[in-house]
Each structure stands twice: as structure tokens, then as C-alpha cells.
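Residue numbers (the working numbering), protein chains in the order written: chain A, 1 to 786; chain B, 1 to 463. Cβ atoms here follow ideal geometry from the backbone N, Cα and C, with glycine treated the same way. Everything numeric in this text was worked out from a predicted model, so none of it was measured.
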Ligand SMILES: Cc1cc2nc3c(=O)[nH]c(=O)nc-3n(C[C@H](O)[C@H](O)[C@H](O)COP(=O)(O)OP(=O)(O)OC[C@H]3O[C@@H](n4cnc5c(N)ncnc54)[C@H](O)[C@@H]3O)c2cc1C
Ligand code: FES
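Structure representation (C-alpha cells):
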């Protein structure tokens with residue numbers, strides 16, 4: 001494209017158009033995994049462990065085999081291929097055969113005529129063995145007597161460690177005016193996507209396998225299916241169906257579901273459907289890693305930050321799955337977007353006997369940001385500086401400032417983001433000191449303001465760079481309709497719409513001509529996972545790349561029709577025109593007819609590789625960790641009920657520099673949704689396990705006590721604050737039309753902003769999520785304020 | 001084991017006939033029998049609302065709706081909005097589209113049906129009413145803002161779609177663990193024979209029983225359900241001889257709307273308003289709540305405080321009257337005999353009676369009580385008389401705090417001695433520590449709940 005974007009009126013980019021997937025979803029026509037039917041289809045149910053820890057297990061399937069409708073009961077020994085789920089470290093068995101390492105671990109699959117029959121029979125599978133005391137906390141994990149869940153490159157029960165060192169923090173402590181040391185904790189968070197996991201698998205007459213279902217990462221699923229069946233990947237096709245939400249929860253663990261479905265289909269030679277019910281989805285699927293983070297930070301008399309020492313421990317659950325990369329993101333962002341003179345970050349992720357934790361919107365960052373942004377406020381408080389001013393003085397603000405890994409960034413815009421949110425919530429007028437008096441039920445509700453800043457490296461970064469590429473295939477049909485295949489998935493975030501807008505813009509085609517196909521591993525090469533807010537950049541660039549090739553054909557033909565030089569061709573809403581004679585234009589449709597008749601190339605594949613990144617993991621952990629960052633700021637206004645001590649968020653302003661909003665309304669939708677999920681993390685969401693939480697039932701330790709929506713409390717429509725999404729657009733040079741990504745950043749900074757607001761309201765610092773009224777009560781009791 | 005039954009109803013303007021086990025959920029019949037897969041299954045517990053459909057204009061959870069209850073009713077599903085065009089044509093759906101109210105779309109059909117139910121009865125709802133209506137529909141993607149904006153934009157333009165009538169018919173042969181026996185009236189109870197040979201339950205709205213069944217909790221489900229919903233004796237609300245009579249089959253929504261209940265039992269109305277979600281309130285009944293005997297059941301504290309009793313009918317046709325505070329023997333178990341059901345709840349009323357209710361919850365809707373408090377009394381010449389004070393969710397059952405009542409009785413409104421009432425309540429409670437709340441918090445909530453309710457009841461007094 002010759003003209004720069006800013007000079008030209010955009011055809012589709014920057015418009016709040018309606019997404020193409022929406023009408024079918026509204027009319028109930030969209031087919032999700034549980035809606036699909038196949039001729040002769042059988043149903044699979046998973047038999048699961050009812051305890052969290054057991055050695056030398058025996059699995060008795062005889063009762064299940066004799067139940068009505070049962071066609072086959074499958075255990076690990078029936079697996080023809082690899083028995084472990086292929087991930088970073090392949091330690092998780094598809095089906096447990098020696099040990100049970102978490103409550104709900106799959107031990108067998110039952111295939112039956114109906115789902116009810118399969119479920120009933122699955123409950124009849126018996127597991128016996130030697131129970132052991134499950135390890136439930138990160139502290140226990142390292143203990144001398146704790147059960148050995150995992151042995152790898154490090155000490156017992158450690159999946160992965162990272163280390164970042166820049167300068168020597170110790171030199172700065174003596175000369176700092178104030179130094180604080182604190183510990184922060186966060187719990188498991190459940191994705192609670194509305195559609196549970198589900199897959200359909202079938203074999204064709206050539207022995208090729210097709211798996212369709214609810215997923216974020218078809219290429220991971222393809223790996224898993226090929227692996228469990230011992231088949232060549234070329235014989236495995238994975239197609240994503242309409243997916244009812246993911247948030248990270250359908251990144252890695254969908255591979256297990258798909259592997260099971262494919263195995264059942266292969267062993268029964270029938271199409272099968274495997275749909276999770278809500279309880280098993282809660283019990284056995286991944287969660288956000290709980291964390292314990294110790295922070296020591298200091299500042300000098302001028303209120304400038306000096307040094308930071310941060311120790312992160314994440315609870316990885318029973319198997320390593322994606323824990324190493326979650327830990328890496330957590331580590332790299334742990335020191336925040338601040339200018340430190342020296343810092344040391346040490347992190348590790350450990351094994352416990354709980355469901356394996358994995359990807360969840362933010363990928364390790366919400367934990368470290370909660371800790372740091374709380375600590376920054378605590379430090380500001382000690383220095384007696386307004387926390388917003390304190391951040392303004394210390395954030396990365398120029399292209400010469402460096403991050404924890406020593407990376408400089410282009411146009412960091414946190415100051416602008418802070419200014420925007422402060423204006424929206426009227427921080428300067430409203431921010432006052434805490435109420436420190438007695439809290440009686442009949443006083444006025446107590447208000448407070450809190451802020452936070454964060455930055456988010458878009459894409460997989462240096463530790464995931466092998467996967468950071470994406471393909472696309474675009475074909476313009478003779479009727480000018482355009483089919484586009486991409487390798488990333490629509491999981492509700494609006495990817496199909498954004499890709500259609502990018503293709504429309506690049507080809508100068510009307511938006512309604514573009515048809516984005518569902519993700520299909522046989523049509524597009526491995527494009528990596530749909531995670532890390534990377535789809536707009538990666539698939540967007542790949543689509544652009546493919547469209548640019550076709551556009552050359554179209555420009556050639558347009559130049560002929562318009563009788564001008566190719567270099568003179570420009571496009572706008574009308575189609576193609578001669579810059580020297582802008583009043584006449586030929587429509588896209590017309591140009592396509594001509595180009596097709598002229599046998600021009602009307603299809604192309606596209607490819608995009610992320611700009612290079614680096615991280616010196618064996619050394620001091622320095623390098624250009626990510627190629628670009630989203631800069632964010634949040635301000636939350638809350639009210640605390642003096643009776644129930646419940647925190648109610650009234651207003652949240654959430655600003656993010658995303659480069660370019662391809663569809664502003666959908667960006668706002670990501671911000672609103674992410675903020676509310678962040679608010680759930682802040683206030684109410686927590687998975688409870690027996691042994692950690694008292695229970696009235698007498699159950700063995702390690703049982704999930706609230707596996708459903710009645711015990712796990714997500715926000716409803718009545719719990720929402722007023723949310724003000726604010727979009728900043730400092731273009732990213734490598735982004736399609738300048739865009740970065742937006743999926744995750746809105747969730748990340750909410751919880752610390754709420755914690756800071758609680759502190760501002762009541763003068764109480766809560767260092768553990770969720771910020772439930774029980775904790776506020778405890779603090780008030782300690783302070784004698786009731 | 002179930003006998004299949006044939007059930008006929010109106011579906012999306014057409015007629016539907018299904019032969020299936022009677023306790024099968026309407027959700028399964030729609031999806032598996034009629035292939036109407038627009039209605040989604042998100043939890044099977046009535047919590048997420050993805051299965052919301054309209055039954056006689058009210059939004060209900062199809063997962064908790066036994067198909068036999070569909071007989072003769074008018075049901076609408078999301079497919080009613082699909083007129084076969086390429087895109088949406090109905091103005092409500094169009095507002096969803098242009099406001100970005102759809103992301104992953106899994107909650108969407110349920111959200112649309114809830115909204116349709118709202119706009120159908122209230123064409124121009126306030127934002128608060130919209131949020132309240134939507135509280136039974138979880139959406140994890142949008143943050144609800146865009147949905148609420150879409151509904152606001154659709155105000156005053158809503159009409160029920162009139163799809164081309166179709167005939168639906170299907171047969172689902174399945175052995176179902178539960179059989180349902182419908183009763184036309186209570187006299188038929190006597191004809192049922194030896195009830196002791198069954199593990200029988202009565203079913204009213206099914207919002208508890210269907211959850212147990214969907215979650216395969218067969219101890220709680222039993223194997224035969226005797227369906228009371230058609231018995232006229234358990235319906236209706238009336239005032240007679242200074243007593244308020246409420247049929248056991250009265251739903252929470254009916255309670256909230258009834259002028260007598262509003263006048264004489266505000267504590268019960270307040271409890272009813274806070275039960276679950278609109279979908280649950282449309283189906284759940286007072287009798288079912290009492291029959292379920294949960295320590296956190298919201299009907300108990302207000303009824304105990306108001307001095308209510310239940311009237312029962314046994315299979316031999318005999319009746320008894322049991323004070324509500326003596327109904328429960330342990331969690332999940334009432335003192336009713338096999339084959340004995342609650343038909344009516346009654347309480348004395350007086351124009352000077354005041355009552356109030358407090359429920360401590362982790363979120364604004366769809367929540368089980370951490371603690372509940374109900375207080376009732378009348379004021380005669382500035383003196384508090386016949387007080388009732390009851391607590392829920394802080395013991396094996398909801399209970400009356402006799403010490404507190406004795407203390408309050410006869411005190412003047414100017415010095416009711418609230419501190420002592422609070423102490424007596426805390427003393428009487430046995431709050432548990434579990435994942436829903438800590439013991440300390442429950443104690444504090446008793447304190448706050450009693451004070452708030454007392455203040456509320458006394459502050460209105462000078463009027
Ligand atoms: C999502 C959700 C939210 C909920 N929220 C709340 C809440 O906030 N507060 C609350 O208290 N409850 C709540 N409930 C529980 C339930 O909705 C109520 O207890 C409801 O009132 C039960 O009435 P039902 O008619 O649906 O009962 P059913 O399911 O029909 O019956 C429940 C029990 O009562 C017995 N029974 C029914 N009728 C009679 C009768 N006439 N005589 C004797 N026994 C009888 C049955 O045998 C069964 O054991 C909720 C349930 C769900 C699914
Ligand atoms: S749009 Fe995904 S749950 Fe509502």
C-alpha cells in the first residue's frame with residue numbers, strides 16, 4: 001500500500017461493524033459441540049478419581065462393562081500411541097494408570113449408546129490403591145516429608161524456575177528512604193466459560209481422523225490426537241466448532257478432551273461425542289495458578305523507586321502443562337512498567353495434588369501485578385505521596401527507559417493512560433484519606449479510590465518464539481466473494497470480524513464480500529495457539545500478507561481498466577481509482593471480473609513471523625522479551641457497605657494503548673468483559689479444597705468443595721459497576737494497521753486497583769484475594785474498629 | 001422406573017407432542033427430541049440461565065422443568081425468532097447485534113429469551129429491572145453492559161415473534177430413574193396404595209428435585225415423584241378470620257405480587273424477592289422450600305418469625321397442623337410422614353404487625369444465604385408485642401430465638417434493648433465455618449442483620 005493509512009479514508013478498519021458470527025448465534029443456529037449429531041454416534045463419559053492422592057492403583061472396569069448400553073470401557077493400556085499429553089514437558093497421562101495425582105483425574109473412558117448410559121457406567125468404574133496425604137499448598141510442596149509428585153530438572157516438586165537480575169538491589173537498601181517487605185496471595189480462578197468442554201471425533205474409511213469441537217488451539221489438539229493414536233499428523237484433521245468461550249481454559253486442556261474422544265472413536269470405529277458436564281469441567285480442567293509473592297521494594301526521599309526484590313511461587317497443580325510459560329510471563333512482568341535502578345526476581349512453579357493449572361486470561365500476570373501494584377501503593381502510603389502521583393513519577397515514560405529485562409520500548413504511553421482514567425473518575429477531586437473510625441452498620445457507605453498500571457507483552461515472547469508465526473489463505477472467487485482461512489480461532493473475542501475487516505481493507509473489498517472460514521488444520525499451517533492476545537497481530541498480518549499478493553493482481557487489472565500507471569492506483573469505499581483522476585472508480589466486483597478474465601493470481605497464502613525477541617534464561621534474564629507491549633491504567637471507585645462489609649465497585653475506568661482499534665465497539669466489549677472477570681477475581685471467585693477450607697461434610701483432603709456456579713461465585717448482571725473503556729491508539733509499526741491486541745490486558749490491573757481502593761476507603765490493607773467481607777471483618781476486629 | 005407418557009403443548013406457535021419419561025427435562029426434549037439445539041445446557045442446576053425458555057410468557061430454566069409440566073402450556077424457544085432469513089429481522093435481536101451484546105454466544109439464546117419475557121410484560125423497564133431480570137443469566141464474556149444497553153434500546157418496540165406454526169413430535173425411549181405420578185386432587189393420594197414401598201417425593205416446582213436428578217444425587221432424588229402441581233387445594237392465597245392462608249404451591253413470584261402477602265407478611269415478600277433469580281422464582285414454591293428443609297431455605301425465618309404453621313394432608317386423608325419451626329428434624333428432613341404433604345401455610349395477621357428480613361449473600365443475586373434473619377412484632381401503644389425472631393443458615397435448621405423473643409416482648413419502642421437481642425441471637429446460633437463464609441463473619445452478620453432489621457421496623461413506627 002502506497003498511501004499511509006492516516007491519509008486515506010478507511011474502508012473497514014476503525015469501524016464498529018457487526019461481527020459476522022453474531023446473527024447465527026442470536027438465532028440459535030450456531031452449532032456448538034453439544035449440538036452436533038452424527039449417524040451412529042456413540043457417547044463417551046470419563047471415569048474419574050474420587051480422591052486426590054493414591055499410589056499403586058488398580059482400576060476395575062468389570063461392573064461398568066456390564067451396564068446397559070455400554071459398548072466399551074477404555075483404560076490407559078488400550079492407548080495405541082503415546083500415553084502422555086504432548087505439551088512443554090509431557091508428564092500428564094491421558095489416563096492415569098499408576099497413580100492418582102488430583103481429584104477428578106481421568107482413569108477410564110466409557111463408550112455407550114447414550115450419554116446417560118455412559119455417565120452411569122463411568123460412575124461404576126472402581127479405583128483402589130494406597131491413599132497418600134495430598135500436597136495442597138505451595139508451602140507443603142517443598143516440605144521434607146511431602147509426597148513426590150514431580151521430579152525433573154530442579155529440586156523435588158518444582159516444574160520450572162526463572163531468574164532475572166539487573167544490578168544489585170542490596171546496594172540500594174541502605175540508601176533508600178523507605179523500604180517495605182510484603183507477601184501477597186491469590187487463589188485459583190475458574191474460567192467459567194459458559195460452554196463446557198466438548199468434542200466430536202470420527203474416522204473415515206481411509207483411517208484418517210477428524211476431530212471437531214470447542215477449543216482455542218487446533219494445532220495443539222492435532223498434536224494430541226496424532227500422539228495418542230500414534231498417527232501421522234497429516235492424517236489428523238482438527239476443526240474448531242463455534243466455541244462458547246475459552247479465556248485460556250480451552251488452550252491446553254482441550255487436548256485431553258480431544259485425545260479421549262479420538263481414542264474412543266478409534267477403538268469403537270464409530271463417531272463419538274464427548275461433552276463435559278459442569279461439575280467435571282470444574283473439577284478436572286485447568287484454573288488460574290494460585291500464587292504466593294514476596295516483594296521488597298524501596299524509594300528514595302524524592303519519591304523515586306530504587307530497587308526491587310521479588311520472589312514468586314506459583315502453584316502448578318498436579319502436572320506441569322503450561323506452567324513453565326505462565327511462570328515466565330509472570331516473572332518478566334513482575335517488576336511492572338517502572339524504572340528500577342536494580343532488581344532481582346526469582347520465581348518457581350511447584351507441584352501440588354490439585355487440578356493442573358494452566359492458561360487463564362493474563363497468563364500469570366494478574367498474580368504478579370496484584371502483588372506489585374498493591375506494594376507500590378503501600379510504599380506510596382509510607383512516603384505519604386498520592387499513589388497516582390507516585391506512579392506518574394516512576395513509570396516507564398520514555399523510549400530510553402528500560403524494563404526488568406533491560407528492554408527499551410517504543411512510545412510507552414502509561415502516563416497518557418493514567419491521565420485519561422484520572423480525568424474520567426475525577427481522581428484529583430475525589431481522592432481523600434481513609435476513614436479510620438469505627439465501622440457501624442448504620443454509618444454511610446464508605447467510598448474509596450484505587451489505581452493501578454500495568455504493561456502486557458503481546459504474543460508469545462522470547463520463551464515461546466518457536467511457535468510465534470501464523471499462516472493464512474485467501475482466495476477471491478469469480479463472483480468477488482472472498483474466502484479467508486486463518487489458523488487462529490474465534491472464541492467469542494471477535495477474531496472473525498477483525499480478520500474480515502483486515503481482508504476487506506487490504507483488498508479494498510466491501511466487508512460483506514468476505515467470508516472467514518472456521519479454523520481447520522488441513523487448510524492453514526500451524527499458526528500457534530490463540531492466546532496471548534496475539535491473533536490480531538499474527539493472523540491479521542498473515543491475512544494482510546496474503547491479501548497484498550492478490551491486491552497486486554487487482555491493481556494491475558484496475559490500471560488497465562482505468563488506463564493509468566499501476567503506481568497511481570488508489571482505493572477507497574468505491575473501489576479502485578486513478579489518483580490523477582479520482583472522480584471515476586471501478587468497483588471491487590468489476591476489478592475482480594477483469595482480473596479473473598485476465599487469469600491473474602486470485603489466491604494466495606500468507607505467512608507472518610513475529611519480530612525477533614530474546615531472553616537470556618541461563619544468565620541474568622535480560623533481553624527483548626516481547627516485541628510490543630500494551631500499556632494500561634485503571635482507576636476503580638468502590639463503596640463498602642458498613643454492615644455487610646461487602647465491597648461494591650461503582651465505577652471502573654480502564655485505559656489501554658492497543659495501537660489501533662480495528663473495531664472500537666468490540667474492543668470496548670473486550671475491556672468490559674475483561675474488567676468484570678477481573679472484578680470477580682478481586683471480590684468473590686475462589687475454588688475451595690477440603691483440607692484447606694473447613695467443610696461440614698467429612699471428606700478426604702483435596703476434594704473440590706464448590707464445583708459449580710452455586711458455590712463458585714461469578715458476577716451477575718446485578719453486580720456490575722459502571723465501566724468506562726478508554727482506547728488509546730499509538731500505532732505499532734509491525735501491527736496490521738497499527739494494531740496490537742486487547743484480549744488480556746483489561747483483566748490484569750483490576751484486582752490491585754480494588755485492593756488499593758479498599759485501603760483508601762478504610763485504611764485496611766488486604767494482601768490476599770478475593771477481597772471478601774470475611775477478610776475485611778478480620779482486619780477491623782484486629783484494629784478494634786467494630 | 002419410568003413409564004413413558006405422552007405430553008402435548010404449544011411450541012413456538014405450533015403444536016408439540018412428545019412421548020417420553022415424564023421427569024425428563026424440557027431441555028432434553030427440546031434438544032434431543034425436537035433437535036431445537038438453540039437452547040443450551042450450561043450447568044443443569046438452574047444457575048447459568050443458558051437454557052431459558054418462555055412458558056406462558058414467563059422465563060424459566062428448561063433444565064429444571066420436567067416435561068410433564070409442559071402439558072397444555074405455551075412454550076417459546078429462541079427458534080421462534082428465526083424466520084429463515086439470512087440475518088436477524090426482529091428488532092430486539094437487531095439491538096443485540098448493533099450493541100455488540102454477543103461474544104461467544106453461548107449465553108445468548110437464554111439471554112434473549114429472558115429479555116423477551118421481560119419486555120413482553122414490561123415494555124419499558126428501568127435499568128434496575130433489566131439487571132434484575134438478567135440476574136439468572138450468567139455471561140462470562142460481555143460484562144453485561146452491552147446486553148443491558150441493547151435491552152434499553154429495544155424498549156417499547158418489542159413484540160412476540162409469530163413464527164410459521166410447525167408440528168413437533170418425537171418419542172424418547174429411555175429408562176429414567178424417576179417416575180412421576182400426577183395428582184388431580186389430594187383425594188387421589190389415598191388411592192395410591194402402599195407408598196412405603198417407594199422412595200417417594202412430592203414435586204411442586206421441581207427447582208430442588210430436578211437439580212438433584214440432573215446431578216445424579218439419587219439419594220435425594222428418590223424414585224417416584226407425586227406431582228402436586230395440578231392440585232387446586234395447594235394453590236391460592238386468601239385472608240379469612242384474621243388469618244392469611246397461602247397455598248403450598250404458591251411460587252415466589254406469586255408471593256411477591258400478592259397484595260395480601262405484601263400487606264401482612266413483608267418479611268416473606270422480602271425473602272421471596274431475593275430468592276435465586278427470576279427463573280427460579282417463577283417455578284420454586286413455598287411448599288417446596290419448606291419440604292426441602294435446607295438450613296438456608298429462605299421461607300423458614302420469615303414464616304417462623306410470623307408464627308406460621310403448615311397444614312398437611314396425609315395419604316389417609318387426615319390433616320394436621322404443624323408450627324413451621326417444628327417442621328424440620330435435621331438438614332434435608334422434615335417430620336412429615338411418607339405420603340404426607342404440605343397443603344397450606346397460615347398465620348395470624350393484624351394491622352399492627354410489622355416484619356422484616358435480612359439475608360447476607362456473597363453477590364447481589366442467585367445466592368444462598370450465609371445468614372438470614374427475620375423479625376416480626378406488633379406495636380401497641382409504643383410497646384412491642386408478640387415478637388418473633390428467627391435465624392437461618394446458622395444451625396442445622398432455621399430456628400426461633402426464644403430468649404430474644406422473651407426479652408423483646410413488652411419493651412417500649414424507645415428502648416428495645418437491641419444489644420441484648422443480638423447477644424441472645426448469637427448465643428443461640430451454631431454458625432459453621434465453610435467455603436461460603438467464616439464463623440466470625442456469620443456471627444457478625446447475625447449482629448448486623450438483627451440491628452438493621454430492628455432499626456428498619458422501628459423507624460417506620462412513628463408514621
Ligand atoms: C439456581 C437456584 C437458586 C436458588 N436460590 C434459592 C434461594 O435463594 N433461597 C432458597 O431458599 N432456595 C433457593 N433455591 C432452592 C429452591 O428453588 C427453593 O427451595 C424452592 O422454593 C423449592 O420449591 P420447588 O417447588 O421448586 O420444590 P421441589 O423441587 O418441587 O421440591 C423440593 C422438596 O420439597 C418437597 N416438597 C415439594 N412440595 C411439597 C409439599 N407440598 N409438601 C411437602 N413436601 C414438598 C419435595 O419432595 C422435595 O423434597 C434455589 C434453587 C436453584 C436451582
Ligand atoms: S457471550 Fe459468551 S457467555 Fe455471554
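Which residues in the same chain as residue i place their Cβ atom closer than 7 Å to its Cβ, once the five residues preceding and following it in sequence are excluded?
i: residue 202 of chain A; result: 38, 210, 265, 271
i: residue 362 of chain A; result: 744, 747, 748
i: residue 148 of chain B; result: 127, 130, 131
i: residue 31 of chain A; result: 241, 242
Which residue marks the beginning of the beta strand (DSSP E) containing residue i, and which one marks its end?
i: residue 631 of chain A; result: 629-640
i: residue 603 of chain A; result: 603-609
i: residue 177 of chain B; result: Neither: residue 177 of chain B is in no beta strand (DSSP E) and is coded neither H nor E.
i: residue 325 of chain A; result: Segment 323-332 is the alpha helix (DSSP H) holding residue 325 of chain A; no beta strand (DSSP E) there.
Going by Cα to Cα distance, which pick from the options is closest to residue i?
i: residue 412 of chain B; options: B:351, B:158, B:384; result: B:384
i: residue 132 of chain A; options: A:717, A:700, A:785; result: A:700
i: residue 519 of chain A; options: A:481, A:529, A:560; result: A:529
i: residue 522 of chain A; options: A:736, A:212, A:45, A:167; result: A:212
i: residue 337 of chain A; options: A:742, A:579, A:394, A:299; result: A:394
i: residue 287 of chain B; options: B:41, B:252, B:392; result: B:252
i: residue 682 of chain A; options: A:442, A:670, A:647, A:672; result: A:647
i: residue 526 of chain A; options: A:109, A:218, A:138, A:46; result: A:218
i: residue 224 of chain A; options: A:457, A:369, A:93, A:714; result: A:93
i: residue 352 of chain B; options: B:266, B:98, B:441, B:59; result: B:266
List the whole-angstrom C-beta distance separating residue i from residue j, where the pair is believed to meet the contact cut-off of C-beta under 8 Å.
i: residue 312 of chain B; j: residue 280 of chain B; result: So it is not a contact: roughly 25 Å between Cβ atoms.
i: residue 344 of chain A; j: residue 396 of chain A; result: About 19 Å separates the two Cβ atoms, so there is no contact after all.
i: residue 189 of chain B; j: residue 14 of chain B; result: Rounded, the Cβ-Cβ distance is 36 Å, inconsistent with contact.
i: residue 110 of chain B; j: residue 278 of chain B; result: Not confirmed; about 12 Å, so no contact.
i: residue 353 of chain A; j: residue 316 of chain A; result: About 11 Å; that fails the 8 Å criterion.
i: residue 577 of chain A; j: residue 584 of chain A; result: 6 Å
Can you list, in chain order, the residues of its chain with a C-beta nearer than 6 Å to that of residue i? Leave out the 5 residues immediately preceding and following it.
i: residue 411 of chain A; result: 730
i: residue 779 of chain A; result: 764
i: residue 96 of chain A; result: 105, 107
i: residue 262 of chain B; result: 269
i: residue 334 of chain B; result: 293, 327, 328
i: residue 89 of chain A; result: 320
i: residue 238 of chain B; result: 245
Sorted by chain position, which residues of the same chain lie with C-beta nearer than 8 Å to residue i's C-beta, five sequence neighbours on each side aside?
i: residue 453 of chain B; result: 356, 357, 358, 373, 374, 375
i: residue 361 of chain B; result: 274, 367, 368, 369, 370
i: residue 242 of chain B; result: 348, 349, 350
Could you give the residue range of the alpha helix (DSSP H) that holds residue i?
i: residue 280 of chain B; result: 278-283
i: residue 217 of chain A; result: Taken as a continuous stretch (DSSP letters only), residue 217 of chain A belongs to no alpha helix (DSSP H), as it is neither H nor E.
i: residue 114 of chain A; result: First-last for residue 114 of chain A: undefined, no H or E at that position.
i: residue 95 of chain A; result: Element bounds for residue 95 of chain A: n/a, residue is neither H nor E.
i: residue 465 of chain B; result: Missing from the structure shown is residue 465 of chain B; chain B here goes from 1 to 463 and no further.
Taking contact to mean 3 or more Cβ pairs, one atom from each stretch, closer than 8 Å, check whether the region 96-107 of chain B and the region 482-495 of chain A are in contact. yes
Quick one: any contact between the region 65-81 of chain B and the region 32-41 of chain B, if contact means 3 or more CB pairs under 8 Å? yes
Is the region 543-561 of chain A close to the region 248-265 of chain A, with three or more CB pairs under 8 Å? no
Touch check for the region 768-784 of chain A and the region 182-189 of chain A: three-plus C-beta pairs under 8 Å? yes
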